[in-house]
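Scroll down for the structure; my scribbles are underneath it.
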């Protein structure tokens, strides 16, 4: 007794080489779409780390460089057009981005947790970045006070809040040593300033 094919099974089977190639192309398009739907949201969240001033200062951006390789995952659907049985490629196209996201996420989670914990600590010397930031703040404050006193004479330094420390003498020399910290402090100061 011959096995009976389910109804409609004959309609699903490719009838010739041209139809098989068209089916593989459609499958590759669907595969690429599924990959985009799966990995676009975490890629967008990782891209938001690039603009977070705090994350960039305390953790850095270089660990996000593997994310630049993720668009290469779209090559896997193209390879399914060429290979007749792409089961290994399909698995690799899902696992490769997953491994990249896991590694990048674990790095940023651990480093940001350390930064948050040490920033909440009252000890200014618990983290090297925090120590350098505190020192840069002290240097900038000394430069600012000296500049404000020179410009306003013996008048109140508190009245000089519209004076920018970047224009003060000695700032450029200090910025050679504390440029990264000064940039971060300036960005924090800009966040707290009302729009003029």
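In this note's numbering, the protein residues as written are 2 to 197.
Don't be surprised by glycine CBs; every beta carbon is placed ideally from N, CA and C.
Would you please state the rounded distance, in angstroms, between the beta carbons of residue i and residue j? I believe it to be under 8 Å.
{"i": "residue 94", "j": "residue 72", "result": "About 12 Å separates the two Cβ atoms, so there is no contact after all."}
{"i": "residue 141", "j": "residue 183", "result": "6 Å"}
{"i": "residue 105", "j": "residue 68", "result": "6 Å"}
Any idea what DSSP makes of residue i, helix, strand or coil?
{"i": "residue 137", "result": "helix"}
{"i": "residue 125", "result": "coil"}
{"i": "residue 169", "result": "coil"}
{"i": "residue 67", "result": "helix"}
{"i": "residue 98", "result": "helix"}
{"i": "residue 146", "result": "helix"}
{"i": "residue 72", "result": "helix"}
{"i": "residue 181", "result": "helix"}
Here's the rule I'm using: 16 or more other beta-carbon atoms within 10 Å means buried, otherwise exposed. How should residue i be labelled?
{"i": "residue 144", "result": "buried"}
{"i": "residue 191", "result": "exposed"}
{"i": "residue 173", "result": "exposed"}
{"i": "residue 126", "result": "exposed"}
{"i": "residue 196", "result": "Per-residue confidence for residue 196 stands at a pLDDT of 49, beneath the threshold of 50, marking its modelled position as unreliable; the derived number appears in the next sentence. Residue 196 comes out exposed."}
{"i": "residue 85", "result": "exposed"}
{"i": "residue 36", "result": "buried"}
{"i": "residue 99", "result": "exposed"}
Could you give the first and the last residue of the continuous alpha helix (DSSP H) run that contains residue i?
{"i": "residue 79", "result": "76-83"}
Unbroken alpha helix (DSSP H) runs of length 4 or more, entirely within the segment 16-65: which are they? Counting only runs of 4 or more residues that sit fully inside the segment 16-65, the alpha helix (DSSP H) segments are 18-50 and 54-59, in chain order.
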